[in-house]
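Have a look at the structure below before the remarks.
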DNA sequence: TTGTAGGCGTTATCAC
DNA sequence: GTGATAACGCCTACAA
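Protein chains in written order, with full-length UniProt numbering: chain H, 1 to 384; chain D, 1 to 384.
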């Protein structure tokens with residue numbers, strides 16, 4: 001059927017082994033021999049059989065990239081950056097988990113089955129200890145099989161506390177968010193029963209906590225005291241870390257009292273969630289003078305809802321997002337937000353996945369988050 | 001090293017063949033035997049070796065998705081939709097071509113090498129005959145190898161004339177070539193020289209021409225007579241078709257005279273291009289009362305530039321985009337645009353790629369484009 | 001520098 | 001219904 005190595009070898013008058021060596025290029029071959037082989041390849045339009053070579057070599061050139069949803073700019077940008085680094089020889093397998101733990105595990109198994117050379121897991125981790133354990137097991141099997149594993153945009157395995165670096169401080173802040181259900185106990189990385197449980201897994205954590213704290217501090221410094229918060233999906237590290245940062249800032253001013261009334265929980269990272277969340281806040285009579293959203297997309301929904309309620313942003317109420325998506329600067333009004341360098345983080349994850357860059361000390365690096373002040377936040381308005 | 005079929009077979013006390021049959025499920029196996037096998041699989045945490053099975057079965061469960069850039073919402077949405085259809089058993093390999101013809105070919109070869117079960121090629125085709133020929137050859141080899149090929153968002157192979165009128169037609173741009181309004185089936189292969197040269201390749205073309213025509217007609221009906229146009233990258237079908245539609249509408253009113261002066265060519269589908277394009281238009285003194293952009297992202301750049309020049313949108317100058325990206329409704333001002341149902345088109349492409357949906361008559365279907373009027377367009381303002 | 005031969009883990013074709 | 005046993009196409013010691 002298809003032309004094989006043997007065909008090329010015959011045409012070039014050499015052995016199959018020689019052809020293989022020419023093609024993989026990692027073995028000395030005489031120049032003129034190589035020439036003949038390459039010409040035969042051309043003439044026969046030979047294309048290597050990937051599965052066959054993967055079987056023989058026990059490795060493939062597939063790189064898995066797990067994302068919530070590739071249509072979400074957060075993941076699209078990261079995935080795009082990963083690809084820009086892995087280049088033309090490796091193929092990125094992008095898997096939409098939809099945030100579902102089961103699908104996350106399923107895809108990991110599928111990638112193991114493909115003998116993926118590396119796997120980049122992006123975005124929020126679900127904070128269920130059981131899932132964390134299952135996930136750790138899958139990832140470990142992957143690494144044992146020789147795959148490189150990189151976590152991008154989530155805290156290191158088994159160490160939710162280490163997530164935000166600076167997040168460590170203000171330990172009491174998490175009290176209201178139900179740390180009890182959190183993964184904090186899974187820790188025990190040092191001296192635990194399982195030494196180096198993270199066998200070579202590299203983590204690029206985002207400073208969600210620090211970014212959120214600075215964002216809330218910005219609003220506080222503008223004079224806001226009642227700050228609404230439309231949080232992301234429950235039980236997700238990103239959601240919790242951002243909320244943690246927010247509460248840390250509030251706590252520092254002794255403003256935690258009304259925090260729960262001012263927080264809408266359990267939304268998705270999408271526009272409708274922002275829309276509904278804003279209405280809910282208004283319905284509660286929480287009377288916020290500002291609203292923080294789980295991310296920019298949510299913030300856009302918040303703005304839309306407020307506008308429809310006859311409120312002006314930021315004159316009547318300030319709004320801010322998170323992530324600084326490309327279109328946030330063109331929103332109405334231009335969104336105050338927190339920028340996470342998604343592209344450079346994704347690119348680094350790609351290099352790490354290929355082993356083209358050394359792991360950071362401790363296997364964990366924290367990607368900084370920068371406050372971006374635009375037009376959607378302003379000092380609170382005193383209503384007549 | 002890794003546990004294999006043989007290990008499972010030994011544990012279950014059956015032959016490897018039986019295990020294989022249980023796992024693939026396409027062969028009768030006694031219930032209790034299957035039970036034993038499945039238990040052994042569980043206990044041993046066995047994971048099939050994908051490359052090995054792909055080699056033996058001469059087919060893989062990889063589906064290639066070629067995109068310009070997965071970070072671009074146009075492609076992100078389509079890719080996401082494709083995935084939603086191919087489900088958990090097939091793995092999507094998303095390849096960023098960056099719009100480069102070479103990379104397009106390279107990735108196609110790489111996918112052939114992986115023995116991909118199907119390939120979905122999305123977005124603009126480069127209108128270079130040489131590239132078209134090379135592309136056709138690659139795609140044909142792919143189909144010959146048993147892969148299903150679906151084109152999504154580009155005209156059918158070998159039928160550049162079918163897309164929306166020949167570009168070659170210098171002045172009289174596309175009179176009567178319009179393929180009707182949206183509903184039109186390019187399918188008929190009307191007198192086309194190459195009947196069904198596309199060995200089983202299915203095409204989902206977008207009605208870029210019709211959509212652009214209706215958009216320009218909308219502006220004309222508002223009273224605009226000098227309409228600027230910031231076009232996309234040169235030599236791309238999407239760019240040309242949209243421009244064709246625009247010119248068709250102008251021509252119907254005898255307004256083609258200044259069209260060239262009012263058109264900025266060769267931009268990318270990004271924000272900076274819109275920004276620069278708008279400034280260029282202003283610099284030329286073309287005095288447009290409205291500006292159409294290659295797509296919504298470009299339109300956002302146009303708006304930003306105009307705003308910085310002290311022009312209000314739409315009071316001083318109208319702006320419209322194309323594609324109706326999710327954030328366009330939240331832009332400042334909300335963008336008038338043309339909606340292409342990217343998600344449903346991508347989903348259909350996914351089904352087509354899996355053979356879960358029959359090919360449309362003639363192998364070609366046209367996806368309609370719908371005019372969406374929002375706040376960024378208004379009647380022209382008479383300057384004092 | 002090049003050829004030979006064995007094996008990678010599954011699937012598919014036969015027999016039983 | 002189940003078990004041997006060839007392929008499948010390539011890689012890689014080992015030889016020459």
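Idealized CB from N, CA, C, for every residue including glycine. Since the model is a prediction, treat every value here as computed from it, not as a measurement.
| Asked | Found |
| --- | --- |
| Please list the partners that residue 80(D) has in chain H, where partner means a Cβ-to-Cβ separation under 7 Å. | 69, 70, 71, 96 |
| Which residues bound the alpha helix (DSSP H) around residue 212(D)? | 208 to 222 |
| Quick one: does residue 314(D) have its CB under 8 Å from some CB of chain H? | no |
| Comparing the C-beta of residue 259(D) with each C-beta of chain H, is any distance below 8 Å? | no |
| Leaving out five residues before and five after residue 352(H) in sequence, what residues of the same chain have Cβ atoms less than 6 Å from its Cβ? | 150, 202 |
| With H, G and I counted as helix, E and B as strand and the rest as coil, what does DSSP make of residue 100(D)? | coil |
| Which same chain residues end up closer than 7 Å to residue 255(H) when comparing Cβ atoms and leaving out the 5 residues on each side of it in sequence? | 225 |
| Let me know if residue 88(D) comes out buried or exposed under the rule of 16 or more other beta-carbons within 10 Å of its beta-carbon. | exposed |
| Between which two residues does the beta strand (DSSP E) harbouring residue 148(D) extend? | 148 to 152 |
| Are the C-beta atoms of residue 131(H) and some chain D residue less than 8 Å apart? | no |
| Near residue 275(D), what residues of its chain come up, given a Cβ to Cβ distance below 6 Å and the 5 sequence neighbours on each side ignored? | 301, 304, 305 |
| Answer with buried or exposed for residue 32(D), where buried requires no fewer than 16 other C-beta atoms within 10 angstroms of its C-beta. | exposed |
| Show which residues of chain D have a CB atom less than 8 Å away from the CB atom of residue 303(H). | 330 |
| Using a Cβ cut-off of 8 Å, which residues of the segment 140 to 157 of chain H contact any Cβ in chain D, in chain order? | 141, 145 |
| Run through chain D and tell me which residues come within less than 9 Å of residue 109(H), C-beta to C-beta. | 47 |
| Below 8 Å on the Cβ atoms is my guess for residue 47(D) versus residue 239(H); work out the distance and round it to an integer in Å. | Not confirmed; about 32 Å, so no contact. |
| Which term fits residue 85(H), buried or exposed, when burial requires 16 or more other beta carbons within 10 angstroms of its beta carbon? | buried |
| Compare the Cα-Cα distances from residue 268(D) to each of 295(D), 259(D), 249(D) and report the closest residue. | 295(D) |
| Is residue 7(D) close to chain H? Criterion is C-beta to C-beta, closer than 8 Å. | no |
| Determine the contact status of residue 94(H) and residue 65(H), defining contact as a CB-CB distance below 8 Å. | yes |
| Do residue 245(D) and residue 211(D) come within 8 Å of each other at the CB atom, strictly closer than that value? | yes |
| The alpha helix (DSSP H) with residue 63(H) in it runs from where to where? | Note, residue 63(H): premise wrong, no alpha helix (DSSP H); beta strand (DSSP E) at 62 to 67. |
| Just to confirm before moving on: does the CB-CB distance between residue 51(D) and residue 331(H) stay below 8 Å? | no |
| Answer yes or no: does any C-beta atom of chain H fall closer than 8 Å to that of residue 4(D)? | no |
| Determine, using beta carbons only, whether residue 101(H) and residue 126(H) come nearer to each other than 8 Å. | yes |
| Quick check on this structure: which residue in 308(D), 316(D), 318(D), 324(D) has the alpha carbon closest to the alpha carbon of residue 297(D)? | 324(D) |
| If contacts are defined as beta-carbon pairs under 8 Å, then residue 335(D) and residue 376(D) qualify, I think. What distance do you get, rounded to the angstrom? | 5 Å |
| Which complete alpha helix (DSSP H) runs does the segment 89 to 137 of chain D hold, if anything under 4 residues is left out? | 101 to 113 |
| Using a threshold of 8 Å, state whether the C-beta atoms of residue 347(D) and residue 152(D) are closer than that. | no |
| Taking a contact to mean a Cβ-Cβ separation below 8 Å, would you say residue 76(D) touches residue 70(H) in this structure? | yes |
| So, is residue 349(H) buried or exposed, given that buried needs 16 or more other C-beta atoms within 10 angstroms? | buried |
| For residue 228(H) versus residue 286(H), is the C-beta distance shorter than 8 Å? | yes |
| Please classify residue 226(H): does DSSP put it in a helix, a strand, or coil? | coil |
| Give me the Cα-Cα distance between residue 234(D) and residue 132(D), rounded to the nearest whole angstrom. | 15 Å |
| By the 10 Å Cβ neighbour count, where 16 or more other Cβ atoms means buried, how is residue 128(D) classified, buried or exposed? | exposed |
| Indicate whether residue 219(H) and residue 318(H) have their beta-carbon atoms separated by less than 8 Å. | yes |
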